[in-house]
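Sequence order for the protein chains is A and B.
Take the first sequence: its letter number 50 is residue 380 in this note's numbering, and every next letter is one higher.
Take the second sequence: its letter number 196 is residue 935 in this note's numbering, and every next letter is one higher.
Beneath this line is the structure, given in structure tokens, with notes to follow.
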Amino acid sequence: MNELEILKKLSSASRREDVPRVDVCQRVLACIGTPEDEMNRYLAWIAGLSAAAAVPATILAVQALEIMSDPLREFFSPFGGILL
Amino acid sequence: MDPDCAALTALIADVPERVHSMRPVVPDEDIEDIGAGLNGDEHAYARLVRRHQPRVATRMWKFSRDAADHEDLVQEVFVQAFLGLKNYRGDAPFEHWLARIATRVGYRFWKINARDRTIQSVPIEDLEHLLSSDSRDVDAQQAGATLHQLMDMLPPRDRLVLVLRYVEERSVEETAGLTGWTQTMVKVQSWRARKKLRKLLEDAGMELER
Chain A
331 MNELEILKKL SSASRREDVP RVDVCQRVLA CIGTPEDEMN RYLAWIAGLS AAAAVPATIL
391 AVQALEIMSD PLREFFSPFG GILL
Chain B
740 MDPDCAALTA LIADVPERVH SMRPVVPDED IEDIGAGLNG DEHAYARLVR RHQPRVATRM
800 WKFSRDAADH EDLVQEVFVQ AFLGLKNYRG DAPFEHWLAR IATRVGYRFW KINARDRTIQ
860 SVPIEDLEHL LSSDSRDVDA QQAGATLHQL MDMLPPRDRL VLVLRYVEER SVEETAGLTG
920 WTQTMVKVQS WRARKKLRKL LEDAGMELER
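Here's what the structure looks like:
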């Protein structure tokens, strides 16, 4: 018997073997559904973080605007050093 | 027109033109599910998975006999197939296209695992017992396990060509189609792999005929 005959004998016997049954349907569906769901989750996080950052930024911007547009600012600024 | 027939016609009308050209080689049920799958219908794809998973499972059993790895491999084949579904041209049955993906997935699995492989010895006692038994009396499970153990001692490339050519009894042309190698490459690789297998068996103390 040579190496090829050995291989063929083992192969032909192993062809009668019962292969374990698998059902990967749900797992496949979970996997192929994941990218979209994950993307939505990322987008939701980005939206949440943007909103969280936008609130203090808006407050600071309003305050800065108020300071800069204060009509008495020009008047009081020369006395700033004296007051301190 | 029969309402069922009308619904089916409407469904097929939505299927891309490319899918219609599959008719001569691809079964109708596959055509409909591939078309719907391309349109994002996951349930249609689930039907394809259910229909083809027994054959894919049989194929992947040659790549891993570990139950968990085996299931992962079958899953990976269908995930890869879904991701590449838009590239399926329909010029060969869906099953053949899946076989190409399965070969790629299995080969990659072997290559990854080859790095961590522990050196084994040829299962010489099992082998001699199996070879001395009459073909009909050989335990299929044991034959499969011994064959797997023997093949596991070869580098992935040699193992792949031997499995496709002699275990699955595929032609040079089919092997080339599944591996993406040229037919000359398949013949050369096959010759080298046989030589390595022979050396492996002879080193283990087996006397082989020419």
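We put the beta carbon where it would ideally sit given N, CA and C, even for glycine.
Given the structure is predicted, the values throughout are model-derived calculations rather than measurements.
Residue-chain proximity (B/Tyr827, chain A), Cβ-Cβ < 8 angstroms: Position 88 of the second sequence holds residue 827 of chain B. Not an interface residue.
Start-to-end residues for the alpha helix (DSSP H) that takes in B/Pro895: The count along the second sequence starts at 1 and reaches residue 895 of chain B at position 156. Start and end: Pro895 to Leu901.
Beta-carbon gap between B/Pro832 and B/Val765 smaller than 8 angstroms: Your numbering for residue 832 of chain B matches position 93 in the second sequence. Your numbering for residue 765 of chain B matches position 26 in the second sequence. For B/Pro832 and B/Val765, yes; Cβs fall inside 8 angstroms.
Cβ of B/Arg933 within 8 angstroms of any chain A Cβ: Taking the first residue of the second sequence as position 1, residue 933 of chain B is located at position 194. It does: the Cβ of B/Arg933 has a partner Cβ on chain A nearer than 8 angstroms.
B/Gln928 - containing alpha helix (DSSP H), residue span: Position 189 of the second sequence, counted from the first residue, corresponds to residue 928 of chain B. Per DSSP, B/Gln928 belongs to the alpha helix (DSSP H) from Gln922 to Asp942.
Interface positions of the segment 333-351 of chain A facing chain B (Cβ-Cβ less than 9 angstroms), listed along the chain: Within the segment 333-351 of chain A, the residues whose Cβ lies closer than 9 angstroms to any Cβ of chain B are, in chain order, Glu333, Leu334, Glu335, Ile336, Leu337, Lys338, Lys339, Leu340, Ser341, Ser342, Ala343, Ser344, Arg345, Arg346, Glu347, Asp348, Val349, Pro350 and Arg351.
Secondary structure, alpha helix (DSSP H): runs of 4+ residues fully inside the segment 796-878 of chain B: Correct list: 806-822, 833-853 and 863-871.
Beta-carbon neighbours of B/Gln792, restricted to chain A and to distances below 8 angstroms: Within the second sequence, the letter at position 53 stands for residue 792 of chain B. Neighbours of B/Gln792 on chain A, chain order: Val352, Asp353, Val354 and Cys355.
For A/Val352, the nearest candidate out of B/Gln880, B/Gly774, B/Ile773 and B/Leu812 (CA to CA): If you number the first sequence from 1, residue 352 of chain A lands on position 22. Among B/Gln880, B/Gly774, B/Ile773 and B/Leu812, the Cα nearest to that of A/Val352 belongs to B/Leu812.
Short CB-CB distance (under 8 angstroms) between B/Ser871 and chain A: Numbered from 1 along the second sequence, position 132 holds the residue referred to as residue 871 of chain B. Not an interface residue.
Reduced DSSP secondary structure (H/G/I, E/B, other) of B/Leu947: In the second sequence, counting from the first residue as 1, residue 947 of chain B sits at position 208. In the three-state reduction of the DSSP assignment, B/Leu947 falls in the coil class.
Contact list for A/Leu359 against chain B, beta-carbon separation under 7 angstroms: One-based indexing of the first sequence puts residue 359 of chain A at position 29. Against chain B, a Cβ distance below 7 angstroms from A/Leu359 picks out Glu781 and Ala785.
Given 8 angstroms, three or more beta-carbon pairs between the segment 777-796 of chain B and the segment 813-826 of chain B: Contact between the segment 777-796 of chain B and the segment 813-826 of chain B is established, with three or more Cβ pairs separated by less than 8 angstroms.
Residue from A/Ser342, A/Leu373 and A/Met331 whose Cα sits closest to the Cα of B/Leu908: Residue mapping note: residue 908 of chain B aligns to position 169 of the second sequence, counting from 1. It is Glu, not Leu, that sits at residue 908 of chain B in the sequence shown. With distances taken between Cα atoms, B/Glu908 lies closest to A/Ser342.
Distance cut-off 7 angstroms: B/Leu787 Cβ against heavy atoms of the ligand MG: Although the ligand MG was asked about, the structure shown includes no ligands whatsoever.
B/Leu917 and B/Arg847 closer than 8 angstroms at C-beta: Locating residue 917 of chain B in the second sequence gives position 178, counting from the first residue. Locating residue 847 of chain B in the second sequence gives position 108, counting from the first residue. No. Outside cutoff.
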